[in-house]
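Undergrad: If you scroll down you'll find the structure; I have some questions about it.
Number of protein chains: 2
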Amino acid sequence: MSLPAAIPTAAVVTAAKRSKPRLGRPRSFNREQALDAAMHVFWRQGYEGASLTALTAAMGINRPSLYAAFGDKAGLFREAVAHYGTGPGRYIRRALGQPKARQVAEMLLRGAVATATDPANPNGCLWVQGALVASAEADPIRTEMMALRNAGTAQVHDRLERARREGDLPAATDVQALTLFLVSVMNGIAVQASSGRSREALNNVVDLALKVWPA
Amino acid sequence: MSLPAAIPTAAVVTAAKRSKPRLGRPRSFNREQALDAAMHVFWRQGYEGASLTALTAAMGINRPSLYAAFGDKAGLFREAVAHYGTGPGRYIRRALGQPKARQVAEMLLRGAVATATDPANPNGCLWVQGALVASAEADPIRTEMMALRNAGTAQVHDRLERARREGDLPAATDVQALTLFLVSVMNGIAVQASSGRSREALNNVVDLALKVWPA
DNA sequence: CCCGGAAGATACCGTTCGGTACGGATAAGG
DNA sequence: CCTTATCCGTACCGAACGGTATCTTCCGGG
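Protein chains in written order, with the working numbering: chain A, 1 to 215; chain B, 1001 to 1215.
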């Protein structure tokens, strides 16, 4: 199936982003695949706990290749966090797109459980445990992650506020409080998953949390 | 969410050493005070993020003094965690001693908020953010903290199960699920406090969480 | 009053950290 | 073919890591 020239494919766009025409020796590893491996290391060990040695070993590349492709450790982490958003954290965007607030909440909570307990991934949530605390020198990264979490919370808030305006939630709903409750339970689930709790046990937590839901 | 008695090692050893007749030059710093300072550093930066340089600077002592008094970094951390249990985390033991399950829950949640947002302390909870993830070499510490959290959860479970047997909670109550819900909300509150949420906002979360309470 | 013994201070240990210089390898363009 | 531009691999950098040897300082008991 071919596309009109006016709508460039992803490959074309990526090629365009490479400012220079393709010259020299081509990269011998898959960038996306290496990024995915790095994401898993950050997920399991956190930003500071993930050493360059552990990262390059998991990615199957050498240090200079890593630096050429991702800038530095912080850049790699940022890309890994973004990659998480389009991968394991994808459920959030899908949840926010649900038609009813109750469905939004349920998908957020079930998705948090499913992602944080997926046996194919490290336990927990990268956005929570990637840099919850940090040494003084890594504090900028910690601050970025804080802002990221808070931006996500703001999106949930906007979605629920819209639901309230639409009559999908009672007009008297304290959207601020409901949002923070929802996100807090998601975060708590992430911590508990990181502590080894089973998917079934955490889904029972979701059942209880949803009993709070208005209307 | 556990109690200091869970890891008695370092404190007991040091206490035993203290029982001998005091000879030689007396210690010129207050051990408890230094431990408290160390706790704050671990609280803010995590186990791995807290360097010996940062620790000794905050404690106002030199490295050899630290090693003489606390063994090594891991030992200092364990003592700091225990110290947290008798200090900022004291509310947990008091909560478990309340006569009614509902009061237990409320004190656990309010205490979590109060401690995690105390302006005199770092934001969040040491038991959550002290070692939620770790590098391979610090993994034993992470595992200890995991066990500590799970032991605390077990204590809450026992308390609620007792309440159920006493008729304080409905006989049909799923204590396992209720416990995990309670602890998850506490953990979520800790994460949100670490992200800068205000005490007021988090107390609204507690209000919502308590609506789940049976009977 | 001196001497045993523990604490404090300095200066250092080997290792690992994040990050890079450099030279050989490998493709496309001419 | 040769040039050119990029990538890979090795080997290394200074700094910071956790931890310690050593010497000086100071107190209590004889």
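Backbone N, C-alpha and C fix where the C-beta goes; we use that ideal spot for every residue, glycine too.
1) So, with DSSP's three-state summary, where would you put B/ALA1172?
2) Within 8 Å (strictly less), CB to CB, does B/GLU1161 reach chain A?
3) Would you mind listing the alpha helix (DSSP H) stretches within the segment 1015 to 1079 of chain B that are 4+ residues and don't spill past its ends, in chain order?
4) Please tell me whether B/VAL1081 and B/ASN1203 are closer than 8 Å, where the distance is taken between their beta carbons.
5) According to the neighbour-count rule (16 or more other Cβ atoms, all chains shown, within 10 Å of its Cβ), is A/ARG25 buried or exposed?
6) Which value, in whole angstroms, describes the spacing of the CA atoms of B/PRO1170 and A/ASN123?
7) In three-state terms, what does DSSP make of A/GLY196?
8) Nearest-angstrom Cα distance between B/MET1107 and B/VAL1133?
9) Ordered along the chain, which non-local residues of its own chain (more than five positions away) have a Cβ less than 7 Å from that of B/ALA1095?
10) Out of A/GLN129, A/PRO99, A/LEU160 and A/LEU178, state which residue places its alpha-carbon closest to the alpha-carbon of B/VAL1191.
11) What are the residues of the segment 1144 to 1170 of chain B that lie near chain A, defined by any Cβ-Cβ distance shorter than 7 Å?
12) Please state whether DSSP places A/TRP213 in a helix, a strand or coil.
13) What alpha helix (DSSP H) runs, 4 residues minimum, are completely inside the segment 99 to 152 of chain A?
14) When you compare the CB of A/LYS211 with every CB in chain B, is at least one pair closer than 8 Å?
15) Output, in chain order, the set of chain A residues within a Cβ distance shorter than 8 Å of B/ALA1111.
16) To the nearest angstrom, report how far apart A/LEU208 and A/TRP127 are at their CA atoms.
17) Kindly indicate if chain B contains any beta-carbon less than 8 Å away from that of A/PHE181.
18) Whose Cβ in chain A lies nearer than 9 Å to the Cβ of B/ASN1062?
19) Taking the CB atoms as reference points, tell me whether B/PHE1042 and B/SER1065 lie closer together than 8 Å.
20) Does the pairing of the segment 85 to 102 of chain A with the segment 138 to 146 of chain A give three or more beta-carbon distances under 8 Å?
21) With a cut-off of 8 Å, does the C-beta of A/GLY89 fall near any C-beta of chain B?
22) Would you call the CB atoms of B/VAL1156 and B/THR1179 closer than 8 Å?
23) If we call anything under 8 Å between Cβ atoms a contact, is A/VAL212 one with B/LYS1073?
24) If you run the structure through DSSP and keep just helix, strand and coil, what is A/ASN187?
25) At a Cβ cut of 9 Å, what residues of the segment 114 to 134 of chain A count as close to chain B, listed as they run along the chain?
26) Out of A/MET146, A/SER194 and A/LEU182, point me to the one whose CA is closest to B/MET1195's CA.
27) Using C-beta distances below 8 Å, list every residue in its chain close to B/ALA1015, excluding the 5 sequence neighbours before and after it, in chain order.
28) Select from A/LEU76, A/LEU55, A/ASN121 and A/GLY60 the residue whose C-alpha is nearest the C-alpha of A/GLY87.
TA: Let's see:
1) By 1-based counting over the second sequence, the position of residue 1172 of chain B is 172. Note: B/ALA1172 maps to coil in three-state DSSP.
2) Looking up residue 1161 of chain B in the second sequence gives position 161. For B/GLU1161, the answer is no, since every Cβ of chain A falls outside 8 Å of its Cβ.
3) 1031 to 1049, 1052 to 1059 and 1063 to 1070
4) Counted from its first residue, the second sequence places residue 1081 of chain B at position 81. Counted from its first residue, the second sequence places residue 1203 of chain B at position 203. Contact: no.
5) For the purposes of this step, residue 25 of chain A is taken as the residue at position 25 of the first sequence. Exposed, since its Cβ has fewer than 16 Cβ neighbours within 10 Å.
6) Locating residue 1170 of chain B in the second sequence gives position 170, where the first residue counts as 1. Locating residue 123 of chain A in the first sequence gives position 123, where the first residue counts as 1. Computed Cα separation, rounded: 33 Å.
7) Along the first sequence, one-based indexing puts residue 196 of chain A at 196. Coil at A/GLY196, not helix or strand.
8) By 1-based counting over the second sequence, the position of residue 1107 of chain B is 107. By 1-based counting over the second sequence, the position of residue 1133 of chain B is 133. Roughly 28 Å between the two C-alpha positions.
9) Here residue 1095 of chain B is taken as the residue at index 95 of the second sequence, counted from 1. Closer than 7 Å at the Cβ level, and outside the excluded window around B/ALA1095, lie VAL1104, MET1107, LEU1108 and GLY1111.
10) The residue given as residue 1191 of chain B occupies position 191 in the second sequence. The residue with the shortest Cα to Cα distance from B/VAL1191 is A/GLN129.
11) MET1146, ARG1149 and ASN1150
12) For the purposes of this step, residue 213 of chain A is taken as residue 213 along the first sequence, with counting starting at 1. Three-state DSSP puts A/TRP213 in coil, outside helix and strand.
13) 101 to 116 and 126 to 129
14) On the first sequence, position 211 is the one that residue 211 of chain A refers to. It does: the Cβ of A/LYS211 has a partner Cβ on chain B nearer than 8 Å.
15) The residue given as residue 1111 of chain B occupies position 111 in the second sequence. The sequence given here places Gly at residue 1111 of chain B; Ala does not occur at that position. Correct list: empty, because the minimum Cβ distance to chain A is about 15 Å.
16) Taking the first sequence and counting its residues from 1, one reaches residue 208 of chain A at position 208. Taking the first sequence and counting its residues from 1, one reaches residue 127 of chain A at position 127. Each residue's alpha carbon lies about 24 Å from the other.
17) Against the first sequence, residue 181 of chain A aligns to sequence position 181. Yes, contact with chain B.
18) By one-based count along the second sequence, residue 1062 of chain B stands at place 62. Ordered by position in chain A, no residue passes the 9 Å Cβ test against B/ASN1062, which lies about 20 Å from the chain.
19) Residue mapping note: residue 1042 of chain B aligns to position 42 of the second sequence, counting from 1. Residue mapping note: residue 1065 of chain B aligns to position 65 of the second sequence, counting from 1. No, the pair does not count as a contact, with Cβ atoms beyond the cut-off.
20) no
21) In the first sequence, counting from the first residue as 1, residue 89 of chain A sits at position 89. No, its Cβ sits nowhere closer than 8 Å to a Cβ of chain B.
22) For the purposes of this step, residue 1156 of chain B is identified with residue 156 of the second sequence, where counting begins at 1. For the purposes of this step, residue 1179 of chain B is identified with residue 179 of the second sequence, where counting begins at 1. Taking 8 Å as the Cβ cut-off, B/VAL1156 and B/THR1179 qualify as a contacting pair.
23) Locating residue 212 of chain A in the first sequence gives position 212, counting from the first residue. Locating residue 1073 of chain B in the second sequence gives position 73, counting from the first residue. For A/VAL212 and B/LYS1073, no; Cβs fall outside 8 Å.
24) In the first sequence, counting from the first residue as 1, residue 187 of chain A sits at position 187. Helix at A/ASN187.
25) PRO122, GLY124, VAL128, GLN129, GLY130, LEU132, VAL133 and ALA134
26) For this step, residue 1195 of chain B is matched to residue 195 along the second sequence. The sequence as given places Ser at residue 1195 of chain B; Met does not occur at that position. Comparing Cα positions, the closest option is A/MET146.
27) For the purposes of this step, residue 1015 of chain B is taken as the residue at position 15 of the second sequence. In this predicted model, B/ALA1015 has a pLDDT of only 39, less than 50, meaning its place in the structure is not dependable enough to derive any value.
28) Start at 1 with the first residue of the first sequence, and residue 87 of chain A comes out as number 87. Looking at the Cα atoms, A/ASN121 is the closest of the given residues.
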